[in-house]
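Novice: Quick one: this structure, given as structure tokens, is what I'll be asking you about.
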Amino acid sequence: MSETPMSPVADLSRSPLPTRKTLRRRQSLPLQFVRFIRFDLRILRMVSKAHS
Amino acid sequence: MAKIVILGAGVSGHTAALHLKRLLGSKHTITVVSPNSKWNWIPSNIWVGVGEMEKKDVVFPLAPVYKRKGIDFRQAKGVAIRPYGDADDPHGAVDIEYTLPEKAGTTERLRYDYLINATGPKLRFEATPGLGPDGHTVSVCTADHAVEAAEKLRQVIAKLKAGTPQTLVVGTGHGTCTCEGAAFEYVFNVDHELRQEGVRDLARVVYLTNEAALGDFGVDGMVFDQQGFQTTSELWTGSLFRERGVEAILGSHVFQIDEDVIHYETLDGEKHTLDFDFGMLIPPFGGQPLKAYDREDADITSNMFAPSGFMKVDADYTAKPYEEWRAEDWPSTYLAPGFDNIFAVGIAFAPPHQISKPRKTPNGTVIAPAPPRTGMPSGVMGKTAALTIADRLKHGATSPARTASMARMGAACVASAGTGLTKGSAAAMTMLPVVPDYVRYPTGRDERETQGELGLHAHWVKLMLHYLFIYKAKALPGWQLIPE
């Protein structure tokens, strides 16, 4: 048995695919370390701004 | 000496208990009532559910922590609230029933001066026939559920290795579920696991959700500023689904699950079936079944609780259409109406309405993601209630209540998409505020603070939060320096 009457799977063909460069950057240790620090600082900024 | 009773020891209740002890010392008694003997860092259950962590990595026993901190702990469940006391005593009281094996079933009435209801959700698997561990799907809502999910996933991987194609469905098991973020995390961790095992090509992975659009997450989606352009969480999330080959079925209400078939209705009113071999579907949440009575023992449950079982607080519960929803509808003090000593925090408070636009199918079926109020907001609410109580005990009962509306506070949401210190990835999002405020911000949220990014670093953030929050929950030295 499959989906009936018509498969309602979302059409994602227009969603942008990451380029090879983007995929490499997402796994690059030095770059990701910088982004890790930056994201942590952003959380701290948000906490200090909105949770006090 | 005042008596403070906290029902529930999840993120909000446990946070409230630790802060109250820190602020009040031994001058007042703090009693925590929880049916569970262990604390669970629920965001990491998804890793238990794919076998990348063990149960012991996400839970720890509560009793030793409370003993060390001088907090009275009762392993019991709250049964009833008596805000006006009883015939013997006008002091407020809660009736509890022990779940501690040695005292199981024994009841007791605890008096309180201040009460915090932080009872968390009742997992309503019964809302959909066949849903949940007693039916035909698994769950990652508790650590034990996640252990079972990992076992079932191993069986499916073994079949894939034997060359038998399998369909794995992850998502929401009802049109009114919340916690889509957990389902999102789990589907990508399953995808990652299948790739690691070298069997992804034989597997069909489907994300079946009540969200009308990808990236909704029950918070009406987000708009990010990316390199000078407004990007939606829908576009950003859709990219990940396409890249990983995960199919998405949107706007669905699952209404029945047979052994190997999921029956669901979509927003256009059409009914469909989907064959599956492995299903992890989140159940809808309800409030814990607490009753309320007045001094004469008359049932006042409907005065204090919404029909969903969540406790009414200082929100505007006037029914109004989505277009008229305002940030001011959301509660800020979490005090129950008519009481200046009863709070409901975390999942236990009744939200005024959803955050995402609710929808109905032509058949009248409601498909409306419920608002998430877990994690960071839960902890902030628990701390806010603790601060109000501490102020009132130190400076007098008329001290103003502290405030922390979800329409003012922010949240960080880190959704794992696979584990591994060098191979892992996650989607990291920050949003401010959680509840969009279209009066203050054109896109509903502060664009500087609302951002999303994908990468290995986000996995490190999720891992860091795992260790940090377990450290904090164990109340180890400096715990209070870790923000909620």
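Chains as they are written, first to last, in my numbering: chain A, -4 to 47; chain B, 9 to 492.
Quick reminder that beta carbons are idealized off the backbone N, C-alpha and C, glycines included.
Just so it is clear, the structure is predicted and the values come from calculations on it, not from any experiment.
Just the C-alpha distance for A306 (chain B) and L464 (chain B), rounded to the nearest angstrom, thanks.
Specialist: Each residue's alpha carbon lies about 57 Å from the other.
Novice: What first and last residue would you give for the alpha helix (DSSP H) that runs through S20 (chain B)?
Specialist: Taken as a continuous stretch (DSSP letters only), the alpha helix (DSSP H) holding S20 (chain B) covers V19 to L32.
Novice: What are the start and end residues of the alpha helix (DSSP H) that includes E105 (chain B)?
Specialist: Segment A101 to Y106 is the beta strand (DSSP E) holding E105 (chain B); no alpha helix (DSSP H) there.
Novice: Based on Cα-Cα distance, which residue from B:S413, B:L282, B:G140 and B:M312 lies nearest to G295 (chain B)?
Specialist: Of the candidates B:S413, B:L282, B:G140 and B:M312, the one whose C-alpha sits nearest the C-alpha of G295 (chain B) is B:M312.
Novice: Mind checking which residues open and close the beta strand (DSSP E) that includes F293 (chain B)?
Specialist: F293 (chain B) -> beta strand (DSSP E) spans F293 to G295.
Novice: Can you tell me whether A112 (chain B) is buried or exposed? The criterion is at least 16 other CB atoms within 10 Å of its CB, across all chains shown.
Specialist: Answer is exposed; the Cβ neighbour count stays below 16.
Novice: Could you check where the alpha helix (DSSP H) with W333 (chain B) kicks off and where it finishes?
Specialist: Element bounds for W333 (chain B): n/a, residue is neither H nor E.
Novice: Would a C-beta distance cut-off of 9 Å place V262 (chain B) and L289 (chain B) closer than the cut-off?
Specialist: Yes; because the gap between Cβ atoms is below 9 Å, this pair is in contact.
Novice: Name, please, each residue of chain B whose Cβ falls closer than 7 Å to the Cβ of P13 (chain A).
Specialist: Near P13 (chain A) (Cβ distances below 7 Å), the residues of chain B are S247 and E251.
Novice: What residue does the beta strand (DSSP E) around Q238 (chain B) start on, and which one ends it?
Specialist: Unbroken beta strand (DSSP E) run through Q238 (chain B): F237 to T240.
Novice: Kindly confirm or deny that the region 245 to 256 of chain B and the region 2 to 11 of chain A touch, where touching means at least three C-beta pairs closer than 8 Å.
Specialist: In short, these stretches touch, since the Cβ pair count reaches three.
Novice: List the residues of chain C that S433 (chain B) touches, going by C-beta distances under 7 Å, in chain order.
Specialist: Note that chain C does not occur in the displayed structure, where the protein chains are A and B.
Novice: Looking only at its chain, what residues have a beta carbon closer than 6 Å to the beta carbon of Y120 (chain B), apart from the 5 residues adjacent to it on each side?
Specialist: Hits under 6 Å: K11, V13 and G100.
Novice: What separation, rounded to the nearest whole angstrom, lies between the Cα atoms of L18 (chain A) and T239 (chain B)?
Specialist: Each residue's alpha carbon lies about 19 Å from the other.
Novice: Note down, in chain order, each residue of its chain lying with its Cβ closer than 6 Å to the Cβ of A71 (chain B), except the 5 sequence neighbours on either side.
Specialist: Same-chain partners within the cutoff: F81.
Novice: Just to confirm, is the Cβ distance from G226 (chain B) to S241 (chain B) under 9 Å?
Specialist: No, they are not a contact pair.
Novice: How about Y122 (chain B) and D302 (chain B): do their beta carbons lie closer than 9 Å?
Specialist: No, these two residues do not count as a Cβ contact at 9 Å.
Novice: How would you list, in chain order, the residues of chain A whose beta-carbon sits under 8 Å from the beta-carbon of H99 (chain B)?
Specialist: Those within 8 Å of H99 (chain B) in chain A number zero; the least Cβ separation is about 33 Å.
Novice: Note the first and the last residue of the continuous beta strand (DSSP E) segment covering G463 (chain B).
Specialist: From DSSP, the beta strand (DSSP E) with G463 (chain B) extends over Q459 to G463.
Novice: I want to verify the contact list: residues of chain A whose CB lies under 9 Å from the CB of A420 (chain B), in sequence order.
Specialist: Ordered by position in chain A, the residues that pass the 9 Å Cβ test against A420 (chain B) are F34, R37, I38, M41 and V42.
Novice: Taking only the alpha-carbon atoms, compute the straight-line gap between P27 (chain B) and K77 (chain B) and give it to the nearest angstrom.
Specialist: The sequence shown places His at residue 27 (chain B), not Pro. When rounded, the distance between both Cα atoms is 11 Å.
Novice: Could you pull out every residue in the same chain whose Cβ sits closer than 8 Å to the Cβ of K325 (chain B), ignoring the five residues on either side in sequence?
Specialist: The residue you asked about is not Lys; residue 325 (chain B) is Tyr in the sequence shown. Closer than 8 Å at Cβ, skipping near neighbours: A314, A358 and P360.
Novice: With a 10 Å radius around its C-beta and 16 neighbouring C-beta atoms as the bar for buried, classify L215 (chain B) as buried or exposed.
Specialist: Sequence inspection shows Tyr at residue 215 (chain B); the Leu mentioned does not correspond to that position. Buried, since its Cβ has 16 or more Cβ neighbours within 10 Å.
Novice: What does A256 (chain B) touch in chain A if you count any residue whose Cβ is under 9 Å from its own?
Specialist: Correct list: V4, A5 and L7.
Novice: For M41 (chain A), which of helix, strand or coil comes out of DSSP?
Specialist: Reduced to three states, the DSSP call for M41 (chain A) is helix.
Novice: Looking at the structure shown, is R132 (chain B) part of a helix, part of a strand, or coil, going by DSSP?
Specialist: Coil.
Novice: Does W468 (chain B) come within less than 9 Å of chain A when only Cβ atoms are used?
Specialist: Closer than 9 Å to some Cβ of chain A, the Cβ of W468 (chain B) qualifies, so yes.
Novice: Go ahead and label E461 (chain B) buried or exposed: buried means 16 or more other beta carbons lie within 10 angstroms of its beta carbon, across all protein chains shown.
Specialist: Result: buried.
Novice: Go through its chain and collect everything with a Cβ distance to S(-3) (chain A)'s Cβ below 7 Å, but skip five positions before and after it.
Specialist: For S(-3) (chain A), the predicted model reports a pLDDT of 44, less than 50, meaning its position is unreliable; a value from the coordinates is still stated below. Nothing meets the Cβ criterion.
Novice: Let me check understanding here. Comparing Cα to Cα, which of B:F286, B:D224, B:N349 and B:G59 lies closest to H144 (chain B)?
Specialist: Among B:F286, B:D224, B:N349 and B:G59, the Cα nearest to that of H144 (chain B) is on B:F286.
Novice: Hey, is M230 (chain B)'s beta-carbon within less than 9 Å of any beta-carbon in chain A?
Specialist: It does not: the Cβ of M230 (chain B) has no partner Cβ on chain A nearer than 9 Å.
Novice: Kindly indicate which residue of B:G57, B:E60, B:L32 and B:V19 has the alpha-carbon position closest to the one of K46 (chain B).
Specialist: Per the Cα distances, B:V19.
Novice: If you draw a straight line from the C-alpha of G277 (chain B) to the C-alpha of A405 (chain B), how long is it?
Specialist: Going by the C-alpha atoms only, they are around 53 Å apart.
Novice: With three or more beta-carbon pairs closer than 8 Å as the criterion, would you say the region 364 to 381 of chain B touches the region 395 to 409 of chain B?
Specialist: Short answer: they don't touch.
Novice: Output yes or no for whether 9 Å exceeds the beta carbon distance between A126 (chain B) and A352 (chain B).
Specialist: Yes; because the gap between Cβ atoms is below 9 Å, this pair is in contact.
Novice: In chain order, what residues of the same chain lie with their CB nearer than 6 Å to the CB of P0 (chain A), ignoring the 5 residues before and after it?
Specialist: For P0 (chain A), the predicted structure reports a pLDDT of 49, less than 50, and the residue's modelled location is therefore unreliable. The matter cannot be settled from this model.
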